[in-house]
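Comments concern the structure below.
In the numbering used here, the protein residues as written are 29 to 215.
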């Protein structure tokens, strides 16, 4: 399968890196692409919105689990939520994330930014829950400000240096609930 896959008001789940061939995947508001299997997904993605309605709320336009890695370019076409819902869920974005919008990380699991291409999206990075791990190699993971929403003990870990753009402002908001944690490794 090649061409375009547009996900609106529904969920497209890929348990294998071959499930959608070489399709360019566009997720619109109330849609979700769920990379559910281990392996490297090379699809280019365009994302916007809060995601598919689930029992726990609208967790994200992009859902990661099973150790899935997204190596293709991700373009934010609007403010976008991404998630690893359960604490055992994890996934990685190793390609660049671009666009003029914000990312909000939800869910109790871990999402990792890695790879060698810098993220250049123009909005803030908001972490509501779970962990966001910053592990780009000689490239920026967080190009603008970082905001912790402290209700559900969000954590951000850096695994290498130079993960933040110069002048990045880190803000802790909503101090009702468990505190957020920022762990810096490197210089």
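Every residue gets a Cβ at the ideal spot worked out from N, C-alpha and C, and that includes glycine. The model shown is predicted, which means the values in this text are computed figures rather than measured ones.
Residue 201 carries a strand assignment under DSSP once its states are collapsed to helix, strand and coil. Residue 141: member of the beta strand (DSSP E) spanning 138-143, first to last residue.
Beta-bridge pairing by DSSP links residue 131 to 108 and 153. Note that the C-beta distance between residue 99 and residue 69 is below 8 Å. DSSP, read as helix, strand or coil, puts residue 45 in coil. Collapsing the DSSP output to three states places residue 73 in a strand. In this structure, the beta-carbon distance from residue 79 to residue 43 does not fall below 8 Å.
In the assembly as shown, residue 83 is an exposed residue. Its beta-carbon has fewer than 16 other beta-carbons within 10 Å.
Between residue 178 and residue 152, the beta carbon gap of about 15 Å keeps them out of contact (Cβ cut-off 8 Å). For residue 32, the enclosing beta strand (DSSP E) starts and ends at 32-35. If you look at residue 211, you'll find it in the beta strand (DSSP E) that goes 209-211.
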